[in-house]
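What follows is one structure encoded as structure tokens, with my remarks underneath.
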């Protein structure tokens, strides 16, 4: 499992991660069978009858939607037409047809077996090339984006389904499409027209878990990077609300729970995406979005990384005067204390870097106070230190700054010793613990609109 600086995944074969626990279970089963066989061999009288092995059930996947021969034939007949169509200011019916055919073929190429070992290079990058080309006019770009999305949705809905890697490739294509790309300085605006397709994958328990994780990542990117006024890259208040509702529901869904690696990664990605959407309250004033994050963050049995990601997400929402700032601040400090104590226990046990949960959670807890970029701090007001600039929040400023003062030495110590962990000084932990005990919130409801208190 590979993460970027902010905990975002790098494209890889997540199926290996998800199946890790199953592999261990299989190994344990083989060991049990081996030792049982040894015992039986020593005493033939107790040897059980040998049952015939059950026949393997073949896995049936959808057939490829195109072939190398059909791809070559289309390119021979249409490449020149396609190049002209990309430069059209107002595409004719014939030019629109060739653009749609190209997009359809680009998605269908995902199903060609030869391309399966490296879909990113063989298919995804090539599909996006004309869309992001600097010579492609806006109208052809819009046609390509819409057609790529439509065909990807169609392929994802097939029954029997396509190979899991094909499904993953389609979701990665959807999450990475851009409505605008600038070369200098490099920047991009996501194509927000994929959001409904990504919600569909996120909410489908039958979709491979790796696809649902990337759907969450894509929805988070759209929520974080959509730009008002950019054609195809804008996100309305209603659409943002729809994304937030889907993510909050997925985070708390019963089938999403569990401590295996895949589901932990899924919930962490969903929590991060919900924070990236930035909305604390739905269109009716309901507090379901922030409630979902704080119920996850304060759940004692939840995985450490997920709790930290959920806390970070909660500090990125658009707070108002009804938000329970003392609760969020206290939970951030309390989880940091848990991280510090676990970190020191690992150092004492000479585990070294065996447990990566502590530094990862530590970084998320730092980001609860201060985000990554200046825009996130000054414009979006992410992080406790910036939330206090919002109307109705300022009175919590002294408490936030005091909490940050006792948290920062712990955070800095863990960050400063990445390769050879050293125990956090007792004075730092004592100061943090003392502050936590002196600042316990009197109310554990995330907002005054929240229906109930968090754990």
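Residue numbers (this note's numbering): 8 to 462.
Backbone N, C-alpha and C define an ideal beta-carbon position, used for all residues, glycine too.
Predicted model only: the values in this text are computed from it and were never measured.
Other residues of its chain near residue 289: CB distance less than 8 Å, five sequence neighbours each side excluded
Looking up residue 289 in the chain shown gives position 282. So the qualifying residues of the chain are 248, 251, 252, 295 and 296.
Three-state secondary structure assigned by DSSP to residue 330:
Your numbering for residue 330 matches position 323 in the chain shown. Strand.
Using the beta-carbon count (16 or more within 10 Å), is residue 2 buried or exposed?
This structure cannot speak to residue 2, because the chain is shown only from 8 to 462.
Residue 174 and residue 214 closer than 8 Å at C-beta:
As a working mapping, residue 174 is identified with position 167 in the chain shown. As a working mapping, residue 214 is identified with position 207 in the chain shown. Cβ atoms of residue 174 and residue 214: closer than 8 Å.
Which partner residues of residue 383 appear in the DSSP bridge assignment?
Start at 1 with the first residue of the chain shown, and residue 383 comes out as number 376. In DSSP, residue 383 forms no bridge with anything.
Please report how far the alpha carbon of residue 427 lies from the alpha carbon of residue 385, in whole angstroms.
For the purposes of this step, residue 427 is identified with residue 420 of the chain shown, where counting begins at 1. For the purposes of this step, residue 385 is identified with residue 378 of the chain shown, where counting begins at 1. So the two alpha carbons sit approximately 35 Å from each other.
Once you ignore the five residues that flank residue 371 on each side, which residues in its own chain have a CB closer than 6 Å to its CB?
Counting from 1 along the chain shown, the entry for residue 371 is found at position 364. Excluding sequence neighbours, residue 371 sits near 315, 316 and 319.
Looking at the unbroken beta strand (DSSP E) that takes in residue 185, where does it start and where does it end?
The residue given as residue 185 occupies position 178 in the chain shown. Taken as a continuous stretch (DSSP letters only), the beta strand (DSSP E) holding residue 185 covers 185-189.
Distance check for residue 424 and residue 157, CA to CA, integer angstroms please.
Numbered from 1 along the chain shown, position 150 holds the residue referred to as residue 157. Numbered from 1 along the chain shown, position 417 holds the residue referred to as residue 424. The straight-line gap from Cα to Cα measures roughly 48 Å.
Using the beta-carbon count (16 or more within 10 Å), is residue 299 buried or exposed?
Numbered from 1 along the chain shown, position 292 holds the residue referred to as residue 299. Under this definition residue 299 is a buried residue.
Distance between beta carbons of residue 328 and residue 398, contact taken as under 8 Å:
On the chain shown, residue 398 is found 391 positions in, with the first residue counted as 1. On the chain shown, residue 328 is found 321 positions in, with the first residue counted as 1. So it is a contact: roughly 7 Å between Cβ atoms.
Which whole-angstrom value describes the C-beta separation of residue 392 and residue 377, a residue pair presumed to lie in contact below a C-beta threshold of 8 Å?
The residue you call residue 392 lines up with position 385 of the chain shown. The residue you call residue 377 lines up with position 370 of the chain shown. Here residue 392 really is in contact with residue 377; their C-beta atoms are around 5 Å apart, less than 8 Å.
Roughly how many angstroms lie between the CA atoms of residue 121 and residue 127, to the nearest whole one?
Residue mapping note: residue 121 aligns to position 114 of the chain shown, counting from 1. Residue mapping note: residue 127 aligns to position 120 of the chain shown, counting from 1. Cα to Cα, residue 121 sits roughly 13 Å from residue 127.
Helix, strand or coil for residue 66? Go by DSSP, reduced to three states.
In the chain shown, the residue the question calls residue 66 occupies position 59. Shown here, residue 66 sits in coil according to DSSP, grouped into three states, outside any helix or strand.
Roughly how far, in whole angstroms, is the beta-carbon of residue 417 from the beta-carbon of residue 400, given that I think they are within contact range, below 8 Å?
Within the chain shown, numbered from 1, the residue matching residue 417 stands at position 410. Within the chain shown, numbered from 1, the residue matching residue 400 stands at position 393. Between residue 400 and residue 417 the Cβ distance is about 25 Å, and since that is not below 8 Å, they are no contact.
From what residue to what residue does the alpha helix (DSSP H) around residue 196 run?
Here residue 196 is taken as the residue at index 189 of the chain shown, counted from 1. Element bounds for residue 196: not the alpha helix (DSSP H) but the beta strand (DSSP E), 194-197.
For residue 118, does the three-state DSSP call read helix, strand or coil?
Here residue 118 refers to the residue found at position 111 when the chain shown is read from its first residue. It is helical.
Output the boundary residues of the alpha helix (DSSP H) element that contains residue 277.
As a working note, residue 277 is residue 270 in the chain shown. Bounds of the alpha helix (DSSP H) holding residue 277 are 268-284.
Using only the alpha-carbon positions, how far apart do residue 450 and residue 106 sit?
If you number the chain shown from 1, residue 450 lands on position 443. If you number the chain shown from 1, residue 106 lands on position 99. Each residue's alpha carbon lies about 58 Å from the other.
Candidates 436, 458 and 209: which alpha carbon is nearest residue 293's?
Residue mapping note: residue 293 aligns to position 286 of the chain shown, counting from 1. Residue 458 is the option with its Cα nearest to residue 293.
Would the segment 263-274 count as touching the segment 236-246 if we require 3 or more Cβ pairs under 8 Å?
The way I'd put it, the segment 263-274 doesn't touch the segment 236-246; fewer than three beta-carbon pairs between them come closer than 8 Å.
My output table needs one value for residue 73: the three-state DSSP class, helix, strand or coil.
Position 66 of the chain shown holds residue 73. In the structure shown, residue 73 sits in coil (DSSP, three-state: anything other than H, G, I, E or B).
Residues of its chain near residue 97, where Cβ-Cβ distance is below 8 Å and the 5 sequence neighbours each way are ignored
Within the chain shown, residue 97 is the residue found at index 90, counting from 1. Hits under 8 Å: 146.
Taking the alpha carbon of residue 138 as the reference point, which residue from 101, 100, 170 and 94 has its own alpha carbon closest?
Locating residue 138 in the chain shown gives position 131, counting from the first residue. Of 101, 100, 170 and 94, the smallest CA-CA separation from residue 138 is found for 94.
Taking the C-alpha atoms as reference points, what is the distance between residue 305 and residue 279?
As a working note, residue 305 is residue 298 in the chain shown. As a working note, residue 279 is residue 272 in the chain shown. Linking residue 305 to residue 279 through their CA atoms gives a straight-line distance of about 16 Å.
Could you have a look at residue 454 and say whether DSSP puts it in helix, strand or coil?
Against the chain shown, residue 454 aligns to sequence position 447. DSSP places residue 454 in strand when its eight states are reduced to three.
Note down, in chain order, each residue of its chain lying with its Cβ closer than 6 Å to the Cβ of residue 491, except the 5 sequence neighbours on either side.
In this structure the chain extends from 8 to 462, so residue 491 is not present and cannot be described.
In angstroms with no decimal places, state the Cα-to-Cα distance between residue 216 and residue 405.
For the purposes of this step, residue 216 is taken as the residue at position 209 of the chain shown. For the purposes of this step, residue 405 is taken as the residue at position 398 of the chain shown. One C-alpha to the other measures close to 43 Å.
Using only alpha-carbon positions, find the residue among 103, 177 and 442 that is nearest to residue 118.
Along the chain shown, read from residue 1 onward, the residue named residue 118 stands at position 111. Cα-wise, what sits closest to residue 118 is 177.
Classification of residue 244 by the beta-carbon crowding that lies within 10 angstroms, buried from 16 upward
Position 237 of the chain shown, counted from the first residue, corresponds to residue 244. By the neighbour-count rule (16 or more Cβ atoms within 10 Å), residue 244 is not buried but exposed.
Counted within 10 angstroms of its Cβ, other Cβ atoms place residue 196 as buried (16 or more) or exposed:
By 1-based counting over the chain shown, the position of residue 196 is 189. Label assigned to residue 196: buried.
Under 7 Å Cβ to Cβ from residue 443, same chain only, skipping five residues before and after it: list those, please.
For the purposes of this step, residue 443 is taken as residue 436 along the chain shown, with counting starting at 1. Closer than 7 Å at Cβ, skipping near neighbours: 337, 340, 341 and 344.
Start-end ranges of the alpha helix (DSSP H) lying completely within the segment 72-152, minimum 4 residues
The segment 72-152 contains these whole alpha helix (DSSP H) runs: 75-93, 100-115 and 132-139.
Going along the chain, which unbroken runs of the alpha helix (DSSP H) with 4 or more residues stay wholly within the segment 350-379?
The DSSP assignment places 364-374 as complete runs of the alpha helix (DSSP H) inside the segment 350-379, in order along the chain (cut-off: 4 residues).
Alpha-carbon spacing of residue 183 relative to residue 163, whole angstroms
As a first step, residue 183 is located in the chain shown; it is residue number 176 there, counting from the start. As a first step, residue 163 is located in the chain shown; it is residue number 156 there, counting from the start. Rounded to whole angstroms, the gap between the alpha carbons of residue 183 and residue 163 is 16 Å.
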